[in-house]
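*Asks:*
Numbering (the numbering used here), first residue to last: 147 to 218.
1. Taking the alpha carbon of residue 216 as the point to measure from, which residue in 170, 167, 187, 159 has its own alpha carbon closest?
2. Between the C-alpha atoms of residue 163 and residue 170, what's the straight-line distance to the nearest angstrom?
3. Does DSSP classify residue 170 as helix, strand or coil?
4. Which residues bound the alpha helix (DSSP H) around residue 193?
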């Protein structure tokens, strides 16, 4: 497959150069929703919708992590 790092900058280098992101919480989630960014799974589920759902569920009970081991 393609080299996904070609032309990319390591996160540590990016953080040193630009500092920590100035956005978080609800503004970050809504930015992701507006971006239309899709996940890397076969269905390309919208990342913003996934993050919005996780944020909404975060205060409703114990934390649970579900992992799909069938996808890379």
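Even glycine gets a Cβ: it sits at the ideal position worked out from N, Cα and C.
*Replies:* A quick look at the data gives this:
1. 187
2. 19 Å
3. coil
4. 193-203
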